[in-house]
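Read through the structure below, which is laid out as structure tokens, and then see the notes.
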Amino acid sequence: MPLFTRPTSLALPVLLTIILSGCSVMRSYDNELKQTVDLVGQGQIDQALTQHEANNTGGDFDLLYYLEKGELLRLKSQYKDSAGAWLLADQKVNEWENEAKVRAGAILENVGAVLLNDKTRRYDGHDYEKVMLSTRLALDHLSAGDWNAARTEIKKTHEREAIIAEINAKDTEALEKESKEKGITTTFKDLNGYPVETLNSAEVTTLKNGYQSAFSHYLAGFVYEALNEQGLASPGYRQAIELQPNIKILEDGLATLESRPSLRKPNETDVLFVVESGAAPALSSVTIPVPVIVSNLGVIPISFPVLHSDPSHTLQPSTVGIDGKDTLPLAGVTSLDTMSKRALRDDMPGIIVRGILRASAKAMSQKVLMDQGGGAAIAGIALNIANVITESADERTWRTLPATISIARMTMPSGKHDVTIGSSKQAIDIQGSHAIVVTRLLGNQVYWSQPVFGPQMPVYTVPSAIEPAENIDGSAIKKSPAKSKKKKAKKPVQQAQG
Amino acid sequence: MYKSNNALKATAIALLLSGCATQSPTLSSGNVEYGDSKAVETLTNEFGSTDLQTIAESMANSLLQSPALFEKKRPLVTVAEVKNKTSEYIDTKSITDSIRTKIVKSGMVRFAVDTSAIQTQVDELTRQNQTGLYKKSKSKKMGNMEGADFRIEGTITSIVKRAGDVKDVYYKFSLQLVDNESGTMEWADEKEIRKTSNKSMF
Chain F
1 MPLFTRPTSL ALPVLLTIIL SGCSVMRSYD NELKQTVDLV GQGQIDQALT
51 QHEANNTGGD FDLLYYLEKG ELLRLKSQYK DSAGAWLLAD QKVNEWENEA
101 KVRAGAILEN VGAVLLNDKT RRYDGHDYEK VMLSTRLALD HLSAGDWNAA
151 RTEIKKTHER EAIIAEINAK DTEALEKESK EKGITTTFKD LNGYPVETLN
201 SAEVTTLKNG YQSAFSHYLA GFVYEALNEQ GLASPGYRQA IELQPNIKIL
251 EDGLATLESR PSLRKPNETD VLFVVESGAA PALSSVTIPV PVIVSNLGVI
301 PISFPVLHSD PSHTLQPSTV GIDGKDTLPL AGVTSLDTMS KRALRDDMPG
351 IIVRGILRAS AKAMSQKVLM DQGGGAAIAG IALNIANVIT ESADERTWRT
401 LPATISIARM TMPSGKHDVT IGSSKQAIDI QGSHAIVVTR LLGNQVYWSQ
451 PVFGPQMPVY TVPSAIEPAE NIDGSAIKKS PAKSKKKKAK KPVQQAQG
Chain V
499 MYKSNNALKA TAIALLLSGC ATQSPTLSSG NVEYGDSKAV ETLTNEFGST
549 DLQTIAESMA NSLLQSPALF EKKRPLVTVA EVKNKTSEYI DTKSITDSIR
599 TKIVKSGMVR FAVDTSAIQT QVDELTRQNQ TGLYKKSKSK KMGNMEGADF
649 RIEGTITSIV KRAGDVKDVY YKFSLQLVDN ESGTMEWADE KEIRKTSNKS
699 MF
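Taken in sequence, the protein lines are chains F and V. Each residue of the first sequence is one higher than the one before, starting from 1 at the first, in our numbering. Each residue of the second sequence is one higher than the one before, starting from 499 at the first, in our numbering.
Right, dumping it as structure tokens:
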């Protein structure tokens with residue numbers, strides 16, 4: 001690695017990079033979003049949006065700007081505007097996908113992050129955020145009544161998951177090779193003072209990975225089923241079960257898939273209630289002294305990200321009430337909190353290696369300057385100060401995402417119903433064969449969505465006003481009295497056959 | 499003389515038109531190119547275009563050999579569901595669409611609308627008969643749809659195994675032709691596909 005062979009050559013780039021990337025180095029995303037999430041929790045969505053715009057000036061907006069903006073607009077029920085913001089975010093994820101396919105395995109190739117900190121890297125989003133972006137875009141389209149556009153996003157989710165799996169495999173392999181070459185064996189469990197338990201709980205370690213969610217796949221199953229594509233609905237429900245086993249609603253999704261269409265009456269709607277609670281965890285920076293074996297530099301302070309669960313402390317409801325009589329149990333199927341912990345756990349090897357390489361590079365260049373004495377020594381002192389100021393972990397993460405997603409499902413008569421979650425009640429008009437009602441709880445606020453009419457599945461019934469073919473064509477009857485006599489003897493047709 | 503003049507003009511126009519066709523400008527960034535849609539695809543071992551084409555080809559050829567389809571002149575067939583029992587998002591309708599297209603091209607069989615298209619069929623008949631927009635004598639009548647003689651149905655299953663860096667996927671696509679009136683299975687066939695990948699192939 002050239003970083004260790006010519007340390008003096010690093011001093012100037014380090015100082016220049018600090019100056020040039022000053023804003024991103026010093027910005028505290030945690031502080032900015034804490035205020036935004038607090039405003040949403042108090043029902044002040046407009047102020048939250050204003051604050052979000054004030055925090056992001058300059059015009060060249062990054063992925064995170066569009067992710068947060070889309071979520072705020074969604075909470076305001078501006079589904080088309082929200083989808084617009086998220087589609088711009090989606091373009092950035094597409095750019096990442098195209099680049100990542102080419103550069104996969106080059107996980108350490110980012111000079112800014114090696115010299116300064118991970119904040120200087122372009123924000124490409126955590127893997128679960130990229131997947132959740134497609135899922136939430138699908139929800140936007142569903143809320144706007146466009147089920148086919150939702151289907152497109154859901155299909156994109158599967159393709160995105162496959163790309164992430166492929167890139168992660170290459171990156172992991174490259175990282176293992178790099179760590180072996182540099183002799184870096186430190187894991188997050190070795191970081192004395194790091195809250196290891198946040199990344200080491202059973203719920204985190206038993207997750208299949210940090211980016212696939214049972215909710216995304218169950219939603220895929222539901223949308224495909226609503227669009228009468230059972231062949232695609234079944235793998236959706238099946239994958240949801242594989243990701244979160246032993247949850248009844250997920251198991252029922254697959255078990256009764258074939259019988260559901262025949263059991264539902266034409267004037268009934270299959271309703272999926274989606275209840276999102278809280279806010280995704282916050283990331284903050286903690287600095288821990290780490291022994292650096294590379295070049296025998298001793299113990300160097302390195303910053304690492306730490307997750308803090310749902311800063312909004314929102315209560316998670318356990319039931320949905322329907323018309324004051326039915327009570328549906330809500331099943332927690334996806335925890336973005338757990339997923340983000342798993343994602344951080346999986347990212348930690350890369351963060352540690354980059355941190356050690358960064359710390360080593362800084363220490364080496366500082367040592368060389370100090371050894372030279374005179375003006376160089378002053379530059380060395382300046383570099384040391386800059387190093388202390390800039391050493392901070394990347395706090396960026398999609399904060400307005402919910403902490404948990406729970407679902408309930410019920411086939412009910414189409415029409416208006418009073419739906420109750422916690423102490424909040426809302427009249428919801430449900431039409432079509434399928435509908436999705438999404439509710440978000442944050443702080444002391446409940447944000448309801450009013451579903452636009454869902455798709456209409458075939459009912460196989462001819463409208464009763466229509467007479468059978470033989471009686472409609474009067475002219476044919478007059479021309480052929482013999483035939484008309486024969487036709488009159490027939491019984492009216494009531495149902496069309498497939 | 500008059501005829502030969504016309505022939506000359508026609509030849510000149512044809513030459514001009516063909517000239518234009520061959521000189522169409524191409525807009526390209528240099529990063530995109532067309533490929534052979536029939537090329538064997540082995541990018542990953544998930545279900546892909548080659549699998550779809552292989553299954554459709556194999557099943558259509560086999561089905562067209564079925565004696566049941568020769569007993570009646572151009573029997574009416576409908577496509578029921580092909581159940582996807584894998585964990586992969588395989589669009590089984592796309593497979594049956596390809597099979598149906600190949601069979602329709604043979605001219606031996608007619609197809610009735612399947613369950614996924616029945617609503618569109620009902621909507622069309624309703625529009626023609628109920629909106630008052632169409633002449634009664636010219637509109638297609640309710641109650642004249644034909645019931646299919648046979649239905650095609652099937653399943654796709656998979657077995658996925660991983661050992662170290664090796665991933666092995668086995669697909670089995672089964673299809674059957676059932677007589678709708680008697681309920682007897684008149685034809686059945688299956689196509690197996692095995693795909694193995696190694697992590698080092700990435």
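Glycine residues also receive a C-beta, built at the ideal position from the N, C-alpha and C atoms.
Excluding sequence positions up to five away, which residues of its chain have a Cβ less than 8 angstroms from the Cβ of residue i?
{"i": "leucine 49(F)", "result": "Lys69, Leu72, Leu73 and Lys76"}
{"i": "threonine 327(F)", "result": "Thr319, Val320 and Gly321"}
{"i": "tryptophan 398(F)", "result": "Leu64, Leu67, Glu68, Glu71, Gly125, His126, Glu129, Met132 and Ala280"}
Using a Cβ-Cβ cut-off of 8 angstroms, state whether residue i counts as contacting chain V.
{"i": "leucine 232(F)", "result": "yes"}
{"i": "proline 235(F)", "result": "yes"}
{"i": "asparagine 228(F)", "result": "yes"}
{"i": "arginine 238(F)", "result": "yes"}
{"i": "isoleucine 477(F)", "result": "Because the pLDDT of isoleucine 477(F) is 39, which lies under 50, any placement of that residue in the model is unreliable, and the question is left without a value."}
{"i": "glutamate 242(F)", "result": "yes"}
{"i": "alanine 435(F)", "result": "no"}
{"i": "alanine 162(F)", "result": "yes"}
{"i": "histidine 141(F)", "result": "no"}
Starting from the Cα of residue i, find the closest Cα among the options and give me that residue.
{"i": "serine 604(V)", "options": "Leu562(V), Gly641(V) and Asp663(V)", "result": "Leu562(V)"}
{"i": "asparagine 228(F)", "options": "Lys570(V), Ser614(V), Ala686(V) and Thr584(V)", "result": "Ser614(V)"}
{"i": "isoleucine 430(F)", "options": "His141(F), Gln450(F), Thr420(F) and Ala220(F)", "result": "Gln450(F)"}
{"i": "isoleucine 184(F)", "options": "Gly374(F), Ile352(F) and Ile378(F)", "result": "Ile352(F)"}
{"i": "aspartate 270(F)", "options": "Lys34(F), Val437(F) and Ala100(F)", "result": "Val437(F)"}
{"i": "serine 406(F)", "options": "Pro329(F), Ala379(F), Val102(F) and Tyr447(F)", "result": "Pro329(F)"}
{"i": "lysine 634(V)", "options": "Glu644(V), Leu623(V) and Met643(V)", "result": "Leu623(V)"}
{"i": "serine 277(F)", "options": "Thr334(F), Asn246(F) and Gln244(F)", "result": "Thr334(F)"}
{"i": "arginine 122(F)", "options": "Gln445(F), Lys341(F) and Glu395(F)", "result": "Glu395(F)"}
{"i": "lysine 92(F)", "options": "Tyr79(F), Thr120(F), Lys80(F) and Asp60(F)", "result": "Asp60(F)"}
{"i": "aspartate 323(F)", "options": "Lys362(F), Gln78(F) and Ala427(F)", "result": "Ala427(F)"}
{"i": "serine 672(V)", "options": "Leu574(V), Lys570(V), Lys571(V) and Lys583(V)", "result": "Lys583(V)"}
{"i": "glutamate 526(F)", "options": "Gln42(F), Asp140(F) and Gln35(F)", "result": "Any property of residue 526(F) remains undetermined from this structure, which presents chain F solely from 1 to 498."}
{"i": "serine 556(V)", "options": "Ile588(V), Ile593(V) and Val607(V)", "result": "Ile593(V)"}
{"i": "methionine 643(V)", "options": "Thr552(V), Leu574(V) and Leu525(V)", "result": "Leu574(V)"}
Residue i: buried (16+ other C-beta within 10 angstroms of its C-beta) or exposed?
{"i": "asparagine 168(F)", "result": "buried"}
{"i": "isoleucine 657(V)", "result": "exposed"}
{"i": "methionine 683(V)", "result": "exposed"}
{"i": "valine 620(V)", "result": "buried"}
{"i": "valine 667(V)", "result": "buried"}
{"i": "glycine 630(V)", "result": "exposed"}
{"i": "tyrosine 218(F)", "result": "buried"}
{"i": "glutamine 212(F)", "result": "buried"}
{"i": "proline 787(V)", "result": "An answer regarding residue 787(V) cannot be provided, because it is not within the stretch 499 to 700 covered by chain V."}
{"i": "phenylalanine 215(F)", "result": "buried"}
{"i": "leucine 307(F)", "result": "buried"}
{"i": "alanine 331(F)", "result": "buried"}
{"i": "lysine 362(F)", "result": "buried"}
{"i": "threonine 576(V)", "result": "buried"}
{"i": "asparagine 627(V)", "result": "buried"}
{"i": "glutamate 161(F)", "result": "buried"}
Just to confirm my understanding: we take residue i, look at its own chain, exclude 5 residues before and 5 after, and list those with CB closer than 7 angstroms. What are they?
{"i": "threonine 268(F)", "result": "For the record, residue 268(F) in the displayed sequence is glutamate; it is not threonine. Around glutamate 268(F): Thr411, Met412, Pro413 and Ser414."}
{"i": "valine 602(V)", "result": "Phe609"}
Check whether the Cβ of residue i lies closer than 8 angstroms to any Cβ atom in chain F.
{"i": "asparagine 696(V)", "result": "no"}
{"i": "aspartate 589(V)", "result": "yes"}
{"i": "lysine 633(V)", "result": "no"}
{"i": "valine 580(V)", "result": "yes"}
{"i": "serine 709(V)", "result": "Outside the displayed span of chain V (499 to 700) sits residue 709(V), for which this structure offers no information."}
{"i": "glutamate 684(V)", "result": "no"}
{"i": "serine 614(V)", "result": "yes"}
{"i": "glutamate 544(V)", "result": "yes"}
Between residue i and chain C, is the shortest Cβ-Cβ distance under 8 angstroms, so that the two count as touching?
{"i": "alanine 100(F)", "result": "Reference to chain C is not applicable here, since the protein chains of this structure are F and V."}
Short of 6 angstroms in beta carbon distance, which residues of its chain neighbour residue i, apart from the five on each side in sequence? Order them along the chain.
{"i": "arginine 692(V)", "result": "Tyr668"}
{"i": "glycine 546(V)", "result": "Glu539"}
{"i": "methionine 339(F)", "result": "Tyr128 and Gly210"}
{"i": "threonine 186(F)", "result": "Ile352"}
{"i": "glutamate 225(F)", "result": "Ala233"}
Quiz item: Are the region 197-212 of chain F and the region 254-266 of chain F in contact at 8 angstroms, needing three or more beta carbon pairs?
Solution: no
Practice problem: Could you tell me whether the region 594-611 of chain V touches the region 551-571 of chain V, using the rule of 3 or more Cβ pairs below 8 angstroms? | Solution: yes
Exercise. Determine contact between the region 305-314 of chain F and the region 164-181 of chain F, defined as no fewer than three beta-carbon pairs at a distance below 8 angstroms.
Key: no
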